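Visitor: As given, the protein sequences belong to chains U and W, one line each in that order.
Each number in the working numbering comes from the position in the first sequence (counting from 1) with 13 added on.
Each number in the working numbering comes from the position in the second sequence (counting from 1) with 13 added on.
This is the structure I have questions about; it appears just below.
Protein chains: 2
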Amino acid sequence: MTDDGFLDACRAIAGPAHVLTAPGDTAPYLTDWRGRFTGRARAVVAPATTGEVAALVRLCARHGVPIVPQGGRTGLVLGSVPDVSGTALLLSTRRLNRVRAIDAFNRTMTVDAGCVLADVQAAAGAQGLLFPLSLAAEGSCTIGGNLATNAGGTGVLRYGNTRELCLGLEVVTARGEVWDGLRGLRKDNTGYDLRDLYIGAEGTLGIITGAVLKLFPQPKAAITALVALCSPGDALQLLKLMEAHCGPTLTGYELMSDVCLRLVASHFPNLPQPFPGRYPQYALLELSSHESERHGIGLLEGAIERALEAGLVQDAVVATSIAQSKALWAIREHIPLAQAAAGKNIKHDISLPISRSADFIHATSSRLEELYPGVQVVCFGHLGDGNLHYNIAPPEGIAHDAFLDEQGPINRVVHDSVAGFGGSISAEHGVGALKRDELPRYKSAVELDLMRALKAALDPLGIMNPGKIL
Amino acid sequence: MTDDGFLDACRAIAGPAHVLTAPGDTAPYLTDWRGRFTGRARAVVAPATTGEVAALVRLCARHGVPIVPQGGRTGLVLGSVPDVSGTALLLSTRRLNRVRAIDAFNRTMTVDAGCVLADVQAAAGAQGLLFPLSLAAEGSCTIGGNLATNAGGTGVLRYGNTRELCLGLEVVTARGEVWDGLRGLRKDNTGYDLRDLYIGAEGTLGIITGAVLKLFPQPKAAITALVALCSPGDALQLLKLMEAHCGPTLTGYELMSDVCLRLVASHFPNLPQPFPGRYPQYALLELSSHESERHGIGLLEGAIERALEAGLVQDAVVATSIAQSKALWAIREHIPLAQAAAGKNIKHDISLPISRSADFIHATSSRLEELYPGVQVVCFGHLGDGNLHYNIAPPEGIAHDAFLDEQGPINRVVHDSVAGFGGSISAEHGVGALKRDELPRYKSAVELDLMRALKAALDPLGIMNPGKIL
Numbered sequence: 014m015t016d017d018g019f020l021d022a023c024r025a026i027a028g029p030a031h032v033l034t035a036p037g038d039t040a041p042y043l044t045d046w047r048g049r050f051t052g053r054a055r056a057v058v059a060p061a062t063t064g065e066v067a068a069l070v071r072l073c074a075r076h077g078v079p080i081v082p083q084g085g086r087t088g089l090v091l092g093s094v095p096d097v098s099g100t101a102l103l104l105s106t107r108r109l110n111r112v113r114a115i116d117a118f119n120r121t122m123t124v125d126a127g128c129v130l131a132d133v134q135a136a137a138g139a140q141g142l143l144f145p146l147s148l149a150a151e152g153s154c155t156i157g158g159n160l161a162t163n164a165g166g167t168g169v170l171r172y173g174n175t176r177e178l179c180l181g182l183e184v185v186t187a188r189g190e191v192w193d194g195l196r197g198l199r200k201d202n203t204g205y206d207l208r209d210l211y212i213g214a215e216g217t218l219g220i221i222t223g224a225v226l227k228l229f230p231q232p233k234a235a236i237t238a239l240v241a242l243c244s245p246g247d248a249l250q251l252l253k254l255m256e257a258h259c260g261p262t263l264t265g266y267e268l269m270s271d272v273c274l275r276l277v278a279s280h281f282p283n284l285p286q287p288f289p290g291r292y293p294q295y296a297l298l299e300l301s302s303h304e305s306e307r308h309g310i311g312l313l314e315g316a317i318e319r320a321l322e323a324g325l326v327q328d329a330v331v332a333t334s335i336a337q338s339k340a341l342w343a344i345r346e347h348i349p350l351a352q353a354a355a356g357k358n359i360k361h362d363i364s365l366p367i368s369r370s371a372d373f374i375h376a377t378s379s380r381l382e383e384l385y386p387g388v389q390v391v392c393f394g395h396l397g398d399g400n401l402h403y404n405i406a407p408p409e410g411i412a413h414d415a416f417l418d419e420q421g422p423i424n425r426v427v428h429d430s431v432a433g434f435g436g437s438i439s440a441e442h443g444v445g446a447l448k449r450d451e452l453p454r455y456k457s458a459v460e461l462d463l464m465r466a467l468k469a470a471l472d473p474l475g476i477m478n479p480g481k482i483l
Numbered sequence: 014m015t016d017d018g019f020l021d022a023c024r025a026i027a028g029p030a031h032v033l034t035a036p037g038d039t040a041p042y043l044t045d046w047r048g049r050f051t052g053r054a055r056a057v058v059a060p061a062t063t064g065e066v067a068a069l070v071r072l073c074a075r076h077g078v079p080i081v082p083q084g085g086r087t088g089l090v091l092g093s094v095p096d097v098s099g100t101a102l103l104l105s106t107r108r109l110n111r112v113r114a115i116d117a118f119n120r121t122m123t124v125d126a127g128c129v130l131a132d133v134q135a136a137a138g139a140q141g142l143l144f145p146l147s148l149a150a151e152g153s154c155t156i157g158g159n160l161a162t163n164a165g166g167t168g169v170l171r172y173g174n175t176r177e178l179c180l181g182l183e184v185v186t187a188r189g190e191v192w193d194g195l196r197g198l199r200k201d202n203t204g205y206d207l208r209d210l211y212i213g214a215e216g217t218l219g220i221i222t223g224a225v226l227k228l229f230p231q232p233k234a235a236i237t238a239l240v241a242l243c244s245p246g247d248a249l250q251l252l253k254l255m256e257a258h259c260g261p262t263l264t265g266y267e268l269m270s271d272v273c274l275r276l277v278a279s280h281f282p283n284l285p286q287p288f289p290g291r292y293p294q295y296a297l298l299e300l301s302s303h304e305s306e307r308h309g310i311g312l313l314e315g316a317i318e319r320a321l322e323a324g325l326v327q328d329a330v331v332a333t334s335i336a337q338s339k340a341l342w343a344i345r346e347h348i349p350l351a352q353a354a355a356g357k358n359i360k361h362d363i364s365l366p367i368s369r370s371a372d373f374i375h376a377t378s379s380r381l382e383e384l385y386p387g388v389q390v391v392c393f394g395h396l397g398d399g400n401l402h403y404n405i406a407p408p409e410g411i412a413h414d415a416f417l418d419e420q421g422p423i424n425r426v427v428h429d430s431v432a433g434f435g436g437s438i439s440a441e442h443g444v445g446a447l448k449r450d451e452l453p454r455y456k457s458a459v460e461l462d463l464m465r466a467l468k469a470a471l472d473p474l475g476i477m478n479p480g481k482i483l
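Structural data, given as structure tokens:
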């Protein structure tokens with residue numbers, strides 16, 4: 014079949030209007046979110062149904078055409094953009110965007126993979142229920158992309174990763190068959206866990222087209238506090254105290270260093286500063302109460318009081334209004350924006366055993382300071398589940414762009430340290446093309462062989478998102 | 014190699030004392046828990062280390078000898094006993110029984126697969142932490158068996174299945190290699206989810222030899238209540254009310270019909286009856302408070318009061334002492350024992366979308382009554398996660414043993430009804446050899462093909478627990 018013949022066949026499946034080939038039309042799909050890389054594609058196709066996805070995959074399988082699935086294109090590891098060869102068909106899920114059903118009594122929602130996360134949250138909210146997955150890109154990212162990368166976010170401490178929020182999947186396999194695993198069951202032990210194999214596989218084993226999501230009763234109140242701390246070690250001690258005192262009402266626990274707060278203050282001077290003084294570290298806490306706002310505030314204040322008595326907390330502010338709560342979260346949310354405004358930096362999305370995260374920060378930052386005196390470590394993240402964003406910016410006076418040349422050696426220092434502390438070099442962003450070459454360094458040959466065996470078993474032609482993960 | 018040569022090689026690996034061949038020695042390993050089936054084995058071997066397990070698997074791979082892994086032998090689906098061919102090596106994990114490490118700060122415990130569940134619970138408790146997996150066989154079953162079958166139990170509503178309680182695994186693959194996936198991380202997105210593939214695979218893809226388990230802060234108080242209800246539908250309405258009112262403090266929600274309570278009363282007349290009157294259904298509720306016993310009781314009583322006002326609850330008793338709480342749970346725990354005392358019955362371990370479980374009970378029981386007038390439906394279970402034990406005993410006056418002849422037709426009625434309501438024919442027990450022939454009836458060809466492809470990829474010689482699941 015000629016290339017024209019292939020494209021005609023795509024048009025026959027998805028409709029001519031939904032097969033884009035003109036450079037001006039395809040460009041927005043080909044560059045990654047951070048603007049670091051632009052690939053090429055044979056065409057961009059946007060099917061409207063699972064049946065169309067399956068027909069497209071069968072077409073690609075017949076002709077050996079690689080397929081790159083793409084959701085909201087907000088990924089940070091080059092997982093949803095094609096390489097530069099121009100051989101791939103880019104399959105956008107943006108037209109697969111229906112909420113198929115909500116069963117409020119079963120606390121489940123069945124959705125198309127292309128639904129935007131914020132729309133999923135809103136649909137749950139309209140039923141008085143909570144879909145707790147929450148992350149910075151929620152206005153653009155799709156639930157299919159969240160599932161493909163097993164996205165994390167700020168609610169993992171209480172609700173788990175996307176994996177834990179999904180009960181069932183619909184997947185178009187690499188052979189172009191539809192696996193209907195859209196089960197809304199809390200317990201189902203009838204064979205191998207295909208669901209969790211496709212979740213986190215970044216589209217390399219098949220294309221997720223639908224999902225059954227778990228919903229939760231909406232808490233009556235969410236209470237936010239910011240506390241000032243002397244060290245990451247104290248942040249860990251406080252986490253332990255909070256968990257013992259508050260149990261599952263503790264729904265968020267974010268760490269931010271003073272470097273982060275100074276960065277936010279200098280780029281967003283209109284954001285209010287939470288404390289008159291400065292402290293080395295801060296923790297942002299969120300409690301959710303199913304009883305009442307008063308109950309939540311009482312519980313949180315009681316815990317903070319104990320922490321003050323124990324000398325763990327230097328100062329604290331508990332938000333007493335939604336506006337105040339938003340202002341506290343705004344500091345946290347502006348860290349990546351302030352970093353972007355400051356210039357390019359070397360990012361790491363890592364996780365550690367919670368117990369070792371303070372030691373990791375200390376050891377790794379010391380090592381980097383030895384190698385690059387004055388280097389800026391911008392460290393913040395979801396300490397409650399051991400996930401840190403550990404980003405490195407140049408010393409004062411050194412150009413950000415020039416410093417990027419150090420990316421290789423700095424990655425090596427950070428990732429080697431992560432491995433030494435028993436951590437992971439990708440906590441919530443995935444592997445994509447960006448970290449593919451890092452895997453063989455940190456995974457055993459046994460594990461990589463098992464992964465390759467699974468890839469060969471489920472995608473024998475190697476057409477599903479090639480060059481990602483493996 | 015002769016059979017003697019093979020056994021000598023086993024002895025060289027595990028030590029002569031740990032390779033059993035005399036019928037008197039092997040017998041306890043060859044009969045299933047319910048005493049329904051006895052298989053045969055070439056030998057029973059009990060290795061003491063992961064290295065010994067790996068060496069045994071390599072030996073079996075070289076000689077094409079099937080391996081049947083066995084934990085506490087408490088499974089109910091013939092998953093851990095060999096077939097009658099006598100070709101298999103039965104590998105008992107009972108000597109792999111060390112708690113390797115506890116990291117209280119990371120809330121993780123690393124254990125050998127052969128640790129008995131109750132010992133794991135106790136080791137967590139000794140650190141002031143909770144390992145929430147709880148089920149009837151906990152005094153005998155092993156954590157490796159719990160993982161291999163993804164066991165459920167009474168805490169799933171709040172804490173999830175065994176799958177959700179595991180962060181990392183160590184597995185001996187079908188090639189006899191050791192995959193060290195003993196990670197204690199809450200977030201790790203670096204490739205395919207091997208962990209969840211081995212969990213629930215019932216030893217058909219490899220042998221789980223170790224695991225990193227998730228621990229939780231110990232609640233300060235657990236409060237139990239029993240409420241009397243008119244119908245399963247009211248039990249569902251009450252569940253919804255309780256969840257909205259109590260949020261994640263609701264840690265248990267069990268349904269029992271009056272048939273169950275009468276059965277318990279007739280076989281265990283010394284157990285106190287909770288209510289002076291009789292009601293069609295009962296729900297056993299458990300709340301866990303991280304604040305105080307008083308807080309838990311207040312919350313539970315407040316919710317029950319609302320339910321009484323709404324006419325959902327007919328009567329209620331809240332336990333005010335540990336002894337009273339144990340007495341309420343004892344009723345629930347004696348149901349299977351009372352059933353066993355009454356004679357053999359036809360068991361089903363099923364799950365449904367929670368929203369459809371009351372309709373399922375009504376429709377299926379009506380159909381069975383039509384076919385077998387006077388039939389006894391003994392229905393109880395974990396309604397909070399849609400898991401019912403739906404057991405069928407003969408009408409009064411019909412011998413239990415003779416009624417077992419109806420097992421085939423009754424399974425068909427129940428399982429067809431489960432499928433019609435979107436449920437699963439195995440909620441928490443697994444498939445084993447018992448339900449293997451049922452799978453093709455209720456799984457799509459696409460799903461079975463995917464499962465077979467995974468089996469062929471990870472166990473190409475077909476030596477891992479053959480005849481189970483697929």
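Think of the CB as a built atom: it goes at the ideal place given N, C-alpha and C, for glycine as much as any other residue.
Keep in mind that this is a model prediction, so the values were computed, not measured.
(1) Could you tell me whether any Cβ in chain W is nearer than 9 Å to the Cβ of U:Pro230?
(2) In the DSSP output, what is U:Ala238 paired with across the bridge?
(3) Just grab the DSSP bridge partners of W:Leu72 for me.
(4) Hey, which unbroken runs of the alpha helix (DSSP H) at 4 residues or more fall wholly within the region 33 to 84 of chain U?
(5) Could you tell me whether any Cβ in chain U is nearer than 9 Å to the Cβ of W:Gly213?
(6) With a threshold of 9 Å between beta-carbons, can U:Ile367 be considered close to chain W, or not?
(7) Any beta-carbon of chain U closer than 9 Å to the one on W:Ser437?
(8) Quick check: W:Tyr292 and W:Leu228, are their CB atoms within less than 9 Å of each other?
(9) Where do the ends of the beta strand (DSSP E) carrying W:Asn202 lie?
(10) Hey, which unbroken runs of the alpha helix (DSSP H) at 4 residues or more fall wholly within the region 337 to 388 of chain U?
(11) Count the other CB atoms, across all protein chains shown, that sit within 10 Å of the CB of W:Glu383; report buried if there are 16 or more and exposed otherwise.
(12) If we count Cβ pairs, one from each stretch, closer than 8 Å, do we get three or more for the region 214 to 224 of chain U versus the region 131 to 149 of chain U?
(13) Closest by CA to W:Pro232, which one among W:Arg171, W:Cys154, W:Leu274, W:Glu256?
(14) I think W:Leu109 touches W:Ala126, with their Cβ atoms under 8 Å apart; what is that distance to the nearest whole Å?
(15) With a floor of 4 residues, list each alpha helix (DSSP H) that falls wholly inside the region 394 to 473 of chain W, ordered by position along the chain.
(16) For a contact defined as C-beta to C-beta under 9 Å, what are the partners of U:Ile482 on chain W?
(17) Tell me the rounded alpha-carbon separation between W:Gly181 and W:Leu160.
(18) Which one of U:Ile348, U:Val191, U:His395, U:Val97 has the shortest CA to CA distance from U:Ala371?
(19) Using 9 Å as the threshold, is the C-beta distance between U:Val388 and U:Ile405 below it?
(20) Could you spell out where the alpha helix (DSSP H) holding W:Gly133 opens and where it closes?
(21) Specify whether the region 429 to 445 of chain U and the region 20 to 39 of chain U touch according to this definition: at least 3 beta carbon pairs, one from each stretch, less than 8 Å apart.
(22) Can you confirm whether the region 412 to 432 of chain U touches the region 293 to 300 of chain U when touching is taken to mean that 3 or more C-beta pairs between the two stretches lie within less than 8 Å?
(23) Threshold first: 3 residues or longer. Then list the beta strand (DSSP E) segments lying entirely within the region 96 to 128 of chain W, N to C.
(24) Please name the residue in U:Ala117, U:Arg55, U:Thr87, U:Ala27 whose C-alpha comes closest to that of W:Gln250.
(25) State buried or exposed for W:Glu460, treating a residue as buried only when at least 16 other CB atoms are found within 10 Å of its CB.
(26) If we require 4 or more residues per run, which alpha helix (DSSP H) segments fall completely within the region 253 to 323 of chain U?
(27) What would DSSP say about W:Pro230, mapped onto helix, strand or coil?
(28) From the DSSP output, which residues share a beta bridge with W:Val390?
(29) Which chain U residues sit within Cβ distance under 8 Å of W:Gly186?
(30) Which same chain residues end up closer than 7 Å to W:Lys357 when comparing Cβ atoms and leaving out the 5 residues on each side of it in sequence?
(31) Which residues in chain W have a C-beta closer than 7 Å to the C-beta of U:Trp342? List them in chain order.
(32) Alpha carbon to alpha carbon, how far is W:Val81 from U:Glu441?
(33) Can you name the start and end residues of the alpha helix (DSSP H) that U:Gly158 belongs to?
(34) Would you check if the distance between the CB atom of U:Thr155 and the CB atom of U:Val185 is smaller than 9 Å?
Guide: Considering the structure as presented:
(1) yes
(2) U:Leu298, U:Val331
(3) None; W:Leu72 has no bridge partner.
(4) 36 to 43, 63 to 76
(5) yes
(6) yes
(7) yes
(8) no
(9) Per DSSP, W:Asn202 belongs to no beta strand (DSSP E) and is neither H nor E.
(10) 370 to 384
(11) exposed
(12) no
(13) W:Arg171
(14) 5 Å
(15) 413 to 416, 420 to 433, 452 to 455, 458 to 471
(16) Thr203, Gly204, Tyr205
(17) 11 Å
(18) U:His395
(19) yes
(20) Note that residue 133 of chain W is Val in the sequence shown, not Gly. Element bounds for W:Val133: 130 to 138.
(21) no
(22) no
(23) 102 to 105, 112 to 116, 121 to 125
(24) U:Ala117
(25) buried
(26) 271 to 280, 306 to 322
(27) strand
(28) W:Ile405
(29) As written in the sequence, residue 186 of chain W is Thr, which differs from the Gly given in the question. Val459, Leu463, listed in chain order.
(30) His413, Asp414, Leu417
(31) The premise fails here: U:Trp342 is roughly 20 Å from chain W at the closest Cβ pair, so nothing lies under 7 Å.
(32) 37 Å
(33) 156 to 162
(34) no
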